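K.L.:
Residue numbers (the working numbering): 2 to 233.
(1) Is the beta carbon of residue 85 sitting closer than 7 angstroms to the one on residue 63?
(2) With DSSP as the reference, label residue 126 as helix, strand or coil.
(3) By Cβ distance, which residues of its chain are closer than 8 angstroms to residue 124, with the 5 residues on each side in sequence left out?
(4) Decide if residue 70 is buried, meaning its Cβ has at least 16 other Cβ atoms within 10 Å, or exposed.
(5) Can you give the Cα-Cα distance for residue 147 and residue 5, rounded to whole angstroms?
(6) Nearest to residue 94 by alpha carbon, out of 74, 78, 117, 109?
(7) State the Cα-Cα distance for the pair residue 178 and residue 154, rounded to the nearest angstrom.
(8) Does the beta-carbon of residue 138 have 16 or more other beta-carbons within 10 angstroms, so that it is buried, or is it exposed?
(9) Alpha carbons only, please: which of 121, 122, 114 is nearest the one belonging to residue 142?
(10) Between which two residues does the beta strand (DSSP E) carrying residue 120 extend?
(11) Output yes or no for whether 7 angstroms exceeds the beta carbon distance between residue 33 and residue 57.
(12) Quick one: is residue 39 buried, meaning 16 or more other Cβ sit within 10 Å of its Cβ, or exposed?
(13) Between which residues of its own chain and residue 149 is the CB-CB distance below 6 angstroms, once the five residues before and five after are set aside?
(14) What's the gap between the Cα of residue 126 and the Cα of residue 12?
(15) Considering Cα atoms alone, identify which of 120, 107, 21 is closest to residue 80.
(16) Since residue 5 is in the alpha helix (DSSP H), which residue starts that stretch and which ends it?
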């Protein structure tokens, strides 16, 4: 499937300005370029284009709110200067598995003032002498390189932490609906008894089982045992 069709499917009858996260992994890019993505995606915060055959990010539109960009397993070898212009708020950039061979290729990233995390796993540049020290000198704004800080301390799994913390706090849906977790924890493969709803003054009609994806940060209904949320 080409990238334009994939974007159309991912919209799911939403307008581009409604989309905060867009995953286009494993689709097909035309001539190694980004296509079908426009500056109408003005609220986009997370974009993933893993293994789509990219050789360039030149066609990336202006995405002022983009914070996380996944570009791993492509064929990008340069042209990164466009990122500072198009994605000024970028904090996390994954370029693992691309054709990046020297430090000069990533030098333009110094203009990304908010960049905190950079991944270059499986790029030839990682084989250079004093690779880590030189990257941190080149990009002083970085906190983590390939998952570790300057003192070789591993970065916390922020996605997982956010997932756990999110279950303990009251969440609010995009339409303003508040999602409050009930004080019930799953046991084995059993969902709570219907009596659990009745005794609390609840009915199955106003409860929904939600699962939060720690990778994409999305919530969606499932039929598996998980935590029960009451819509109110």
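All C-beta atoms, glycine included, are put in the ideal place defined by N, C-alpha and C.
On a predicted model such as this, the values are computed, not experimentally measured, just so you know.
P.N.:
Per the coordinate set shown:
(1) no
(2) helix
(3) 96, 97, 98, 99, 100, 101, 102
(4) buried
(5) 31 angstroms
(6) 117
(7) At residue 178 the pLDDT is 44, less than 50, meaning the model places this residue with poor confidence; the figure from the coordinates comes in the next sentence. Their backbone Cα atoms lie some 39 angstroms apart in a straight line.
(8) Within 10 angstroms of the beta-carbon of residue 138 lie fewer than 16 other beta-carbons, which makes it exposed.
(9) Nearest of 121, 122, 114 to residue 142, Cα basis: 114.
(10) 118 to 120
(11) yes
(12) exposed
(13) 155
(14) 36 angstroms
(15) 107
(16) Note, residue 5: alpha helix (DSSP H), 4 to 12.
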